[in-house]
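As numbered in the working numbering, residues 28 to 458 make up the sequence shown, in order.
Glycine included, each C-beta is placed from N, C-alpha and C at the ideal position.
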Amino acid sequence: MDALDAVQRPGIAAGSTTAAPLVLLGASVRALGQSAACCGWQVHAADLFADVDLVEVAREAIAVGAAGGVAVGPVAAAAYPWSLRAAAGRFPPGAAWCYTGALENHPDLIAAIAATRPLAGNPADAVRRLRDRRTVAAAAAAAGLAVPDTFDDPTGLPGDGTFLVKPVAGAGGRGIRPWTGAARAEEASPPAAVRAERMPRQWQRRVAGAPWSATFVFGGGGPRFVGVARQLVGTAWCHAAPFAWCGAVAASARLPPPFAATVARLGPPLAAESGGVGLVGVDLIVDDAGRVHVIEVNPRPTASMELFERTGDLALAADHLAACGFASPRPHRPCAAADAGATWSKAVLFARQDTPLGEDMIGALRAAGAAWTAADGGWPALADLPRPAQVLAAGGPVLTVFARGPAAAESLAALRGRIAAVERLLRRFPP
């Protein structure tokens, strides 16, 4: 029996207009929350930020602390990510729940929350399989794709940067660095502070090439390939750290790059090997020879997927929930018409210094965003708008910016221009 079949589901029959509560948990749930509201769910959300645009679509939104949140009472008593469990306990009992990144790194937490309410997503055992490199390697081999050599111990590995050292439970590219001779010395005798915060790591051969991701929907009539997106990683004009994810440019399944058909072959064996359900993202590198290398699997909605909602290739929340056996209260009604002919892109701007936020700054950002939104046919041009009266820490995310164009180059040029305009606005309101 599928793990989801053992749970009584509160999903609402298709066509019903009665709202049902849906609990969303993760580091950032804004995109999934907006999409869920568009198909009639009553959103109850907890993440690190409780940004303005999440608050606007949610019945209630809780910030759980680690990113300057406003957590109080029992939520504040637990460290993130377990604070999400405390937050979930304040939401309607029995309501279904979904998770976003990076809860896949905490299957025990997923299991603990799933024991208290129905899970619309991959259960802990499926998460462990999808995050297991042996599962991924078997599926990649069946699809004719490559996987980089990966080891649990650096003994015997060259310290010349041809390998990367990565957290096993990493997210967004944080904590990745080249494996060098200096790093090897630190590994042998790390400082106490490093030992205290260290998580399990792995050593992976570095593949030179372009970073991409693939989006699949597992479940129902078999895995569906949605499309691929070029990833922005360590991009200087986003002020992102090396290896840090900071955005994406979407390419739909209907307008694929040459390797899209190759990537699509991964879906059936990966679904069969893992028993996964719902939205699943796969990180890839395409090398200079055009060979596709599978880096890792993210068994939940990812940050790149909302771009496919703008092209009409995906209804983010509705498709994920339906694949997990939950019917939405009504058909998905996005805030603007899909633009299948456009190439959509997004980027996360990171703060170069500690940045205090006031109402005037937020108002100026909203005004700029409104003009761009009108130019984009009604799709929000700015997202993850931070709440005023807080200080954004240097190196942390400021907000997300979107743009479109007839092709990737034009979309990226527009995106970069908007990022620069946002930075000019931020400089108008100095600390």
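Taking one C-beta from the stretch 291 to 305 and one from the stretch 269 to 279 each time, how about it: are there three or more such pairs within less than 8 Å?
-> The way I'd put it, the stretch 291 to 305 doesn't touch the stretch 269 to 279; fewer than three beta-carbon pairs between them come closer than 8 Å.
Outcome for Ala-72 when other beta-carbon atoms lying within 10 angstroms are tallied against a minimum of 16 | Ala-72 is buried by the Cβ-count criterion.
Could you give the distance in angstroms between the alpha-carbon of Ala-212 and the alpha-carbon of Trp-230?
-> Confidence at Ala-212 is low in this model, with a pLDDT of 46, below 50, so its placement is unreliable and the value that follows should be read with caution. About 15 Å.
Going straight from the alpha carbon of Leu-157 to that of Ala-416, what length do you get?
-> If you take the alpha carbons of Leu-157 and Ala-416, they lie about 40 Å apart.
Going straight from the alpha carbon of Arg-196 to that of Pro-358, what length do you get?
-> The sequence as given places Ala at residue 196; Arg does not occur at that position. Ala-196 and Pro-358: Cα-Cα distance of roughly 36 Å.
What are the boundary residues of the alpha helix (DSSP H) that Ser-110 is part of?
-> Looking at the DSSP string, the run of the alpha helix (DSSP H) that includes Ser-110 is 110 to 115.
Using the Cα positions of Ala-364 and Leu-348, report the straight-line distance between them to the nearest angstrom.
-> Computed Cα separation, rounded: 21 Å.
Ile-322 - containing beta strand (DSSP E), residue span | First-last of the beta strand (DSSP E) with Ile-322: 319 to 325.
Would DSSP call Phe-270 helix, strand or coil?
-> Here Phe-270 sits in coil by DSSP.
Backbone secondary structure at Pro-134 - three-state DSSP | Helix, per DSSP.
Thr-177 versus Arg-318, Ala-58, Arg-431 and Phe-190, residue with shortest Cα-Cα distance = By alpha-carbon distance to Thr-177, the top candidate from Arg-318, Ala-58, Arg-431 and Phe-190 is Phe-190.
Reduced DSSP secondary structure (H/G/I, E/B, other) of Val-70 | Here Val-70 sits in strand by DSSP.
Rounded Cβ spacing between Ala-430 and Leu-442 (contact assumed at less than 8 Å) = Correct: roughly 4 Å between the Cβ atoms.
Please classify Arg-57: does DSSP put it in a helix, a strand, or coil?
-> For Arg-57, the three-state secondary structure derived from DSSP is helix.
Out of Pro-181, Phe-76 and Glu-333, point me to the one whose CA is closest to Pro-227's CA.
-> Comparing C-alpha distances from Pro-227 to each of Pro-181, Phe-76 and Glu-333 shows the shortest one belongs to Pro-181.
Alpha carbon to alpha carbon, how far is Pro-108 from Ala-271? Give it in angstroms, no decimals.
-> Taking the straight line from one Cα to the other gives about 20 Å.
Quick one: any contact between the stretch 244 to 251 and the stretch 261 to 268, if contact means 3 or more CB pairs under 8 Å?
-> The stretch 244 to 251, when compared against the stretch 261 to 268, does not touch it at the 8 Å Cβ threshold.
Is the distance from the Cβ of Val-307 to the Cβ of Phe-286 below 9 Å?
-> Taking 9 Å as the Cβ cut-off, Val-307 and Phe-286 do not qualify as a contacting pair.
Identify, in the order they occur along the chain, each residue of the same chain with its Cβ nearer than 6 Å to the Cβ of Arg-117, setting aside the five sequence neighbours on each side.
-> Here Arg-117 has no same chain residue with a Cβ atom under 6 Å from its own Cβ, once five neighbours each way along the sequence are excluded.
From what residue to what residue does the beta strand (DSSP E) around Thr-242 run?
-> Residue range 236 to 245 is occupied by the beta strand (DSSP E) that includes Thr-242.
Between the stretch 326 to 343 and the stretch 378 to 396, do at least 3 Cβ pairs fall closer than 8 Å?
-> No: fewer than three Cβ pairs fall under 8 Å.
So, helix, strand or coil for Phe-377, using DSSP?
-> Strand, per DSSP.
Quick one: give me the first and last residue of the beta strand (DSSP E) that Val-86 is part of.
-> One point to set straight first is that residue 86 is Arg, not Val, in the sequence displayed. If you look at Arg-86, you'll find it in the beta strand (DSSP E) that goes 85 to 90.
Below 9 Å between beta carbons: does that hold for Leu-75 and Ala-88?
-> For the pair Leu-75 and Ala-88, the CB atoms are not nearer than the 9 Å cut-off.
With 16 other Cβ atoms within 10 Å as the buried cut-off, status of Asp-78 = Residue environment for Asp-78: buried (at least 16 other C-beta atoms within 10 angstroms of its C-beta).
State the beta-bridge partners of Val-192 as determined by DSSP.
-> Looking at the DSSP assignment, Val-192 forms a beta bridge with Arg-204 and Trp-230.
Let me know if Gln-380 comes out buried or exposed under the rule of 16 or more other beta-carbons within 10 Å of its beta-carbon.
-> When all chains shown are included, Gln-380 counts as exposed.
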